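Residue numbers (this note's numbering): 10 to 328. Taking it in order: structure first as structure tokens, then the write-up.
Below is the structure:
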């Protein structure tokens, strides 16, 4: 796919990539987007942070697993015999466009997904159209969204709204979400809904924003319900990233997926999210087929891979 020229706003976002030069439609800023790096350099690469919300933050610690809901036991499904032939990697790359905000920009999620694809021998090409703090309504009204959909030959388009939109702006979330799904389908691509995660326990948001329900468990339940409802209305598939985060905190409370603001993804959260999307996009389990990125400990990476596979349950255990 041809390289694309990008205007960048809201701060420079440093790109990381899986192999070769990959362009991004992403963030508009006064500084140029840096060339993405090959995957072995992902471990040390830092990315500029777009701040999604400006509310005050109070950090806190997560409770132990006994106080949280029971998560799925990680397991890696084996491919059914009649479907084994479908598990061969595609000859052409799967072209994916991520539309979102800083949750997509942080640690350059599309580049991480590409890197996992390269490691597993599954060709993926991912780009992004992401502006910090924005939601479905912003991307729907933005002329660039339609232009990028029309000019690209996308197989899949991932739609991520502001993490609080389902709670504070449900009408706009559903209406704009439905129209974006229609726009994506009209372009010939498959829409996927990026379910986001709750704030970390102890975040000040739980003290004053009643729609959260006052806890990570309740906030996640409400956000997940909103994405499920949008999926029912549109027929689009939900990628349950938020539920994967919740399950990881239950299964492995020693692993913290959050950045220091208790909202955005840290390295572990970005790696978990990338593994979830890798499994969802390829229908292949990442367990044993991908390697740690972002300088993550191999044991932690293996646990995260198993958790992603447990949530997505990809059909193909091996290639």
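Glycine is no exception: its CB is placed at the ideal position from the N, C-alpha and C atoms. All values reported here derive from a predicted model rather than from experimental measurement.
Under the DSSP assignment, residue 137 falls in the beta strand (DSSP E) whose first and last residues are 133-139. Residue environment: residue 191 is assigned as exposed (fewer than 16 neighbouring CB atoms within 10 Å of its CB, all protein chains considered). Linking residue 150 to residue 112 through their CA atoms gives a straight-line distance of about 20 Å. Contact between the region 120-129 and the region 271-291 is established, with three or more Cβ pairs separated by less than 8 Å.
Residue 251 and residue 205 do touch by the CB rule: their CB atoms are close to 5 Å apart, below 8 Å.
With contacts defined as CB atoms closer than 8 Å, residue 260 and residue 322 fail to qualify as a contacting pair. Burial state of residue 117 is buried, judged by a 10 Å Cβ sphere holding 16 or more other Cβ atoms.
Going by DSSP, residue 180 is part of the alpha helix (DSSP H) stretching over 179-195.
Here residue 99 is exposed: its Cβ has fewer than 16 other Cβ atoms, across all protein chains shown, within 10 Å. With fewer than 16 neighbouring CB atoms inside 10 Å of its own CB, residue 152 falls in the exposed class. A straight-line Cα-Cα distance of about 13 Å links residue 247 and residue 165. DSSP places residue 168 in the uninterrupted beta strand (DSSP E) bounded by 165-168.
Residue state for residue 202 is assigned as strand, using DSSP reduced to three classes. Across the structure, residue 272 and residue 210 are spaced so that their CA atoms are roughly 10 Å apart. The beta carbons of residue 301 and residue 318 sit no closer together than 8 Å.
Residue nearest to residue 101 within the set 132, 176, 208 and 244 is 132 (criterion: CA-CA distance).
The three-state reading of DSSP puts residue 225 in helix, counting H, G and I together.
With a cutoff of 8 Å on beta-carbon distance, residue 139 and residue 110 are scored as near each other. Of the residues 142, 103, 144 and 108, the one whose Cα lies closest to the Cα of residue 127 is 103.
Taking C-beta atoms as the reference points, residue 254 and residue 262 fail to come closer than 8 Å.
In the DSSP assignment, residue 107 falls within the unbroken beta strand (DSSP E) covering 103-109. Residue 202 and residue 236 do touch by the CB rule: their CB atoms are close to 5 Å apart, below 8 Å.
Boundaries of the beta strand (DSSP E) harbouring residue 247: 246-248, taken from the DSSP string.
Within the same chain, 144 and 182 come within 6 Å of residue 174 by CB-CB distance, once the 5 residues on both sides are set aside. Our two residues, residue 320 and residue 154, have alpha carbons roughly 30 Å apart in a direct line. Within the DSSP secondary-structure output, residue 96 pairs in no beta bridge.
Residue 122: member of the alpha helix (DSSP H) spanning 118-129, first to last residue.
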